[in-house]
Each structure stands twice: as structure tokens, then as C-alpha cells.
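One structure below.
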Amino acid sequence: MDLLNTLVDKGLRRELPTRDEALAVLATSDDDVLDVVAAAGKVRRHWFGRRVKLNYLVNLKSGLCPEDCSYCSQRLGSKADILKYTWLKPDQASQAAAAGLAGGAKRVCLVASGRGPTDRDVDRVSDTIKAIKDQNENVEVCACLGLLSDGQAERLREAGADAYNHNLNTSEGTYGDITTTHTYADRVDTVQKAHAAGLSACSGLIAGMGESDEDLVDVVYSLRELDPDSVPVNFLIPFEGTPLAKEWNLTPQRCLRILAMVRFVCPDVEVRIAGGREVHLRTMQPLALNLANSIFLGDYLTSEGQAGKADLDMIADAGFEVEGAGEVTLPEHRVTAGAGCGAHAEAGCGSHADAGCGSHEGGGCGSHEGGGCGSHEGGGVCGSVKVQAEQEQPAEARTDLVAVRRRGAGTDLAPNA
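End of the sequence shown = 420 in our numbering, gap-free, step of one.
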């Protein structure tokens with residue numbers, strides 16, 4: 004049985020692929036990218052049908068961050084020409100959220116720059132959550148406020164938050180090259196705090212920062228072990244004025260392979276195409292809906308996204324449908340278990356002792372001798388799928404595609420929703 008058939012079968016059973024199989028997906032050629040999309044699409048449709056969940060970002064506090072994350076336009080020392088403003092008032096945030104909800108979003112993501120919230124900040128956000136939920140009974144609210152201190156996740160849960168987002172972003176081995184003001188372990192700790200408080204954990208990655216295929220696989224396997232309900236996949240937006248401004252390493256085909264790999268590793272998780280899809284996927288965005296079951300509607304934190312109506316047209320034209328407010332996003336087994344991929348018996352990553360990928364010495368499943376498809380010399384692919392013969396050439400810089408957000412929350416201009 005060839006690689007893609009093997010991965011489809013594993014995805015339908017919620018079985019973890021080997022690391023070599025995951026690497027093999029990233030190594031497939033552009034000639035085979037449609038086959039990869041078709042295979043991962045079977046897994047996506049099995050668990051999520053043709054529904055697309057819409058999410059809407061509200062940037063509660065923009066810029067002015069003391070952290071030095073190299074990818075971020077809001078970082079310490081950033082010269083990016085972005086909006087900078089302090090905390091929105093609850094009524095302002097609720098009004099901003101209403102624009103996205105009117106466009107069909109069912110989740111509002113409340114984001115604030117900074118290392119992490121003070122207790123007073125948690126009070127502010129709690130008031131904002133209440134204001135939004137008072138106006139919109141069925142809305143999901145996800146908070147993204149940075150590193151959490153003890154007790155803060157519980158307070159957000161009591162205030163009505165449904166989820167908490169904190170991304171791992173890249174592999175543990177390379178994290179120190181991207182950020183020095185906090186650690187990878189700090190990020191893991193915050194995701195675990197959210198889980199422990201009963202919040203739905205949301206944690207993902209950023210691709211395109213110059214990382215290797217091994218780094219991408221490492222971070223996705225770490226995410227599966229952490230067991231989030233949703234995994235946002237961001238594609239680096241190389242803002243002028245940040246250290247990664249020249250990192251144009253992605254093609255639309257590579258973005259599709261990355262999304263497919265994430266789907267195979269976390270088959271029954273909400274995979275969300277997040278920042279950078281318009282910049283890097285471009286006209287291939289509709290194909291990505293066969294891999295991910297969730298997108299952001301409208302603009303991002305500091306960059307403009309595709310017009311909300313264009314998103315809705317794209318979903319309809321591609322044969323998908325917007326997930327309704329009354330529909331449950333996650334498969335029933337995850338909802339009833341209250342946990343994520345791998346929570347079932349014998350399931351995989353991290354749900355029981357010694358279960359997780361990379362939990363044994365030497366790394367991930369399949370890394371030991373005889374570890375399955377692709378474990379032979381050269382990391383090859385079983386079957387007919389071809390491996391890229393040469394290192395993929397970086398894409399040419401398309402700085403014309405990076406548009407700074409000048410509207411919506413924190414401005415006097417209407418949002419792009």
C-alpha cells in the first residue's frame with residue numbers, strides 16, 4: 004500500500020503516522036500535490052464533512068509589546084508601520100466583534116499584545132467577554148493574551164471564555180533562535196494551564212521562518228501530544244521592519260503540503276488556516292479548504308486579509324458551507340471525551356504513559372529501526388508518490404502582497420468583515 008493510502012487509513016482510525024511518513028508528505032513533489040490534497044481531503048471530510056468554521060479576530064491592544072519574537076510586527080524594536088493603541092473598552096471590542104459575527108463567524112478571538120496579562124488585564128478581558136456574550140448568546144469566545152499566571156485561566160473560564168490560544172510556533176530545538184525573552188517551555192505551560200482550567204486549548208504553528216521539514220514535523224507532533232482542540236497554521240507574513248522581513252520561503256504548493264501533514268498527524272482536530280493564507284496560498288486558497296476546516300474571516304491583527312465577502316464566495320464556489328452557530332465543530336468522540344486527538348484508548352500522542360510521539364528516547368514514532376514507511380535510508384516514500392529531487396527554491400519576495408491593517412478595531416474605519 005502506498006504512502007497516501009496508508010495515511011488515509013491511519014487518519015480514519017485516528018492513528019498516528021510515523022515521523023518518516025509525515026516527513027515524506029512534506030517531501031512530495033509539486034507534480035503530486037493534488038494527490039496529497041485529495042488524500043488528506045478524505046480525512047478532513049470524514050471528521051468534518053464540508054463545513055468551514057469562521058473565526059474573527061479582535062485586536063484588543065496593538066503593538067507596544069516587550070517580547071522579541073522575530074516573526075511579529077508588534078515585537079520590541081519593530082519598525083513595522085502598524086497600528087499602535089492600548090486596550091479597547093468592552094463596548095468597543097463588542098462592536099468590533101459584531102462585524103465579524105454578522106459575516107457568519109461563530110468564534111471571536113480576543114487578542115492582546117504583551118508578555119502576558121496582569122490580573123487587572125484579566126478583569127478587562129472578562130468584562131469584554133461578558134459584553135460580547137450579552138449581545139450574542141451562542142458565540143464562542145477565545146482569549147489570546149500571552150503567558151498565563153496561576154489562576155488566570157480559571158478566571159477567564161468563569162468569565163465565560165470558551166477557549167484559550169497560545170501557539171508553540173516552532174520546534175523546541177529552534178525556538179531560542181526565534182525568541183529570547185521567553186522559552187518554549189513557557190508556552191507549553193500556558194497551553195497546559197488552559198487545559199487544566201477546562202478551556203478548549205488552541206495552539207498552532209508558524210511556517211515559513213526558515214525552519215526545516217524536521218522542525219515542522221517536530222512542532223506538529225508536540226502539538227498532538229499537547230492535545231489541543233484546534234491547531235491554527237500560520238504562514239509567516241514577512242513584515243518590513245522585523246528580523247524575518249526577507250524570509251520568503253513558501254510556495255502555494257508547500258503551504259498545501261504543510262496543511263496536509265498537519266491534517267494527517269491530527270486528523271480529528273480543527274485545523275485552521277490563519278495568518279498569511281492570502282499572501283502565500285493566493286489563488287490556491289480554495290484547495291486548502293480540502294485540508295483545513297476553519298479559517299479567519301476578514302483582517303488579522305496587523306495585516307489586511309481577504310475581503311469577508313470574497314471568503315464567503317470562495318467557500319461556496321469550492322463546494323463547502325459555512326458552519327452554523329448551532330453546529331458542533333468537533334467530532335462527537337472529542338466532545339464527549341472533553342479532550343483532543345489521541346484521547347481515546349490506545350490512541351497516540353500523550354494520552355497515556357509512553358504514548359506520545361517522541362516520548363521514547365531518540366524521538367518520534369518510527370524513528371527507531373524498522374519504524375515503518377519511509378524509515379529506510381533517504382527517508383523515502385513507499386509507493387508511487389515522488390520525492391522532490393532538489394531543495395525547493397525560495398519564492399521571490401512579494402512585498403506587494405503584505406498590506407498593513409488600517410481599519411477595524413482601534414480605528415475610525417469600518418472593519419473588513
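Virtual Cβ for every residue (Gly too), placed ideally from N, Cα, C.
From Pro-246, Trp-50, Asp-33 and Ser-65, pick the residue whose C-alpha is nearest to that of Thr-182; which is it? For this step, residue 182 is matched to residue 179 along the sequence shown. Residue Pro-246 is the option with its Cα nearest to Thr-182.
So Ser-174 is in the alpha helix (DSSP H); what residue range does that whole segment cover? One-based indexing of the sequence shown puts residue 174 at position 171. No alpha helix (DSSP H) contains Ser-174, which DSSP labels as neither H nor E.
Tyr-187, enclosing alpha helix (DSSP H) - first and last residue: In the sequence shown, counting from the first residue as 1, residue 187 sits at position 184. Run containing Tyr-187: 187-199, per the alpha helix (DSSP H) assignment.
Rounded to whole angstroms, what's the CA-CA distance from Leu-60 to Asp-38? Just pull it up for me. As a working mapping, residue 60 is identified with position 57 in the sequence shown. As a working mapping, residue 38 is identified with position 35 in the sequence shown. Going from the Cα of Leu-60 to the Cα of Asp-38 covers about 33 Å.
Run through DSSP, which three-state label would Arg-54 get? Counting from 1 along the sequence shown, the entry for residue 54 is found at position 51. Correct three-state label for Arg-54: strand.
Throw me the rounded Cβ distance for the Ala-108 and Leu-63 pair, which I believe falls under 8 Å. Position 105 of the sequence shown, counted from the start, is the residue given in the question as residue 108. Position 60 of the sequence shown, counted from the start, is the residue given in the question as residue 63. Incorrect: roughly 16 Å between the Cβ atoms, too far for contact.
Where Cys-68 and Ala-248 are concerned, what is the direct C-alpha to C-alpha distance, given to the nearest angstrom? Position 65 of the sequence shown, counted from the first residue, corresponds to residue 68. Position 245 of the sequence shown, counted from the first residue, corresponds to residue 248. Answer to the nearest angstrom: the Cα atoms are 18 Å apart.
Counting C-beta neighbours from all protein chains within 10 Å, is the total for Ser-206 16 or more, i.e. buried, or is it exposed? Within the sequence shown, numbered from 1, the residue matching residue 206 stands at position 203. Buried.
Just verifying my parser: in three-state terms, what is the DSSP assignment at Asn-168? Position 165 of the sequence shown holds residue 168. Correct three-state label for Asn-168: strand.
Nearest-angstrom Cα distance between Val-111 and Val-274? Locating residue 111 in the sequence shown gives position 108, counting from the first residue. Locating residue 274 in the sequence shown gives position 271, counting from the first residue. Roughly 16 Å between the two C-alpha positions.
Which whole-angstrom value is the C-beta distance of Arg-408 and Leu-91, which I expect to be below 8 Å? In the sequence shown, residue 408 corresponds to position 405, counting from 1. In the sequence shown, residue 91 corresponds to position 88, counting from 1. Contact flag wrong, Cβ pair sits at about 14 Å.
Tell me Glu-143's beta-bridge partners as DSSP assigns them. Numbered from 1 along the sequence shown, position 140 holds the residue referred to as residue 143. Beta-bridge pairing links Glu-143 to Arg-110.
Alpha carbon to alpha carbon, how far is Pro-270 from Arg-16? Give it in angstroms, no decimals. Position 13 of the sequence shown, counted from the first residue, corresponds to residue 16. Position 267 of the sequence shown, counted from the first residue, corresponds to residue 270. The alpha-carbon atoms of Arg-16 and Pro-270 are separated by roughly 9 Å.
With a cut-off of 8 Å, do at least 3 Cβ pairs link the stretch 165-178 to the stretch 216-224? yes
Tell me the start and end of each unbroken beta strand (DSSP E) in the stretch 239-280 that is at least 3 residues and wholly inside, in chain order. 273-276
With C-beta atoms as the reference, is Leu-104 less than 8 Å away from Val-144? Within the sequence shown, residue 104 is the residue found at index 101, counting from 1. Within the sequence shown, residue 144 is the residue found at index 141, counting from 1. No.
How many angstroms separate the CA atom of Gln-77 from the CA atom of Ala-83? Taking the sequence shown and counting its residues from 1, the one referred to as residue 77 is at position 74. Taking the sequence shown and counting its residues from 1, the one referred to as residue 83 is at position 80. Each residue's alpha carbon lies about 8 Å from the other.
According to DSSP, is Glu-217 part of a helix, a strand, or is it coil? Indexing the sequence shown from 1 puts residue 217 at position 214. If DSSP states are grouped into helix, strand and coil, Glu-217 belongs with the helices.
DSSP on Gly-366, reduced to helix/strand/coil? For the purposes of this step, residue 366 is identified with residue 363 of the sequence shown, where counting begins at 1. With a pLDDT of 38 at Gly-366, under the threshold of 50, the modelled position of that residue is not reliable, and no figure is offered here.
Enumerate in chain order the residues of its own chain whose CB-to-CB distance from Thr-193 is below 6 Å, with the five nearest sequence positions on each side excluded. Here residue 193 corresponds to residue number 190 of the sequence shown, with the count starting at 1. If we look at Thr-193 and ignore the five residues flanking it on each side, its Cβ neighbours are Leu-150, Leu-151 and His-169.
Do you know whose CA, among Leu-19, Arg-127 and Asn-58, lies nearest Gly-106's CA? Within the sequence shown, residue 106 is the residue found at index 103, counting from 1. Residue Asn-58 is the option with its Cα nearest to Gly-106.
Could you give the uninterrupted runs of the beta strand (DSSP E) lying entirely in the stretch 33-83, keeping only those of 3 residues or more? 54-64
Give the secondary structure of Ala-321 by DSSP, where H, G and I count as helix, E and B as strand, and everything else as coil. Here the question's residue 321 lines up with position 318 in the sequence shown. Of the three classes helix, strand and coil, the one that applies to Ala-321 here is coil, per DSSP.
According to DSSP, is Pro-235 helix, strand or coil? Counting from one through the sequence shown, the residue named residue 235 turns up at place 232. If DSSP states are grouped into helix, strand and coil, Pro-235 belongs with the strands.
Rounded to whole angstroms, what is the Cα-Cα separation between Ala-277 and Phe-238? Here residue 277 corresponds to residue number 274 of the sequence shown, with the count starting at 1. Here residue 238 corresponds to residue number 235 of the sequence shown, with the count starting at 1. Rounded to the nearest angstrom, the two C-alpha atoms are 7 Å apart.
Go through its chain and collect everything with a Cβ distance to Pro-334's Cβ below 6 Å, but skip five positions before and after it. Counting from 1 along the sequence shown, the entry for residue 334 is found at position 331. Only Trp-50 and Asp-271 meet the Cβ criterion.
Please determine, among Asp-302, Ser-297 and Met-317, the residue with the shortest C-alpha to C-alpha distance to Gly-327. In the sequence shown, the residue the question calls residue 327 occupies position 324. Nearest C-alpha to Gly-327: Ser-297.
Which partner residues does Ile-298 have in the DSSP bridge list? Position 295 of the sequence shown, counted from the first residue, corresponds to residue 298. Leu-57 and Ile-276, per the DSSP bridge assignment.
Buried or exposed: where does Val-265 fall if 16 or more other Cβ atoms within 10 Å of its Cβ makes it buried? The residue labelled residue 265 in the question sits at position 262 within the sequence shown. It is buried - the Cβ of Val-265 has at least 16 other Cβ atoms within 10 Å.
May I ask you to report which of helix, strand or coil DSSP gives Thr-89? Here residue 89 refers to the residue found at position 86 when the sequence shown is read from its first residue. Here Thr-89 sits in coil by DSSP.
Distance, Cα to Cα, His-371 vs Val-46? Within the sequence shown, residue 371 is the residue found at index 368, counting from 1. Within the sequence shown, residue 46 is the residue found at index 43, counting from 1. Low confidence applies to His-371: its pLDDT is 38, below 50, so where it sits in the model is not reliable, and the reading given next is rough at best. Distance between the alpha carbons of His-371 and Val-46 is about 27 Å.
Below 7 Å, is the gap between the Cβ of Asn-168 and the nearest heavy atom of the ligand ZN? No copy of the ligand ZN appears in this structure; indeed no ligand is present at all.
What's the gap between the Cα of Val-40 and the Cα of Val-325? Locating residue 40 in the sequence shown gives position 37, counting from the first residue. Locating residue 325 in the sequence shown gives position 322, counting from the first residue. When rounded, the distance between both Cα atoms is 20 Å.
Identify whether Leu-226 lies in helix, strand or coil by the three-state DSSP scheme. Here residue 226 is taken as the residue at index 223 of the sequence shown, counted from 1. The answer is helix: DSSP assigns Leu-226 an H, G or I state.
On the DSSP bridge assignment, give the partners of Ile-209 in chain order. In the sequence shown, residue 209 corresponds to position 206, counting from 1. Ile-209 pairs with Asn-237.
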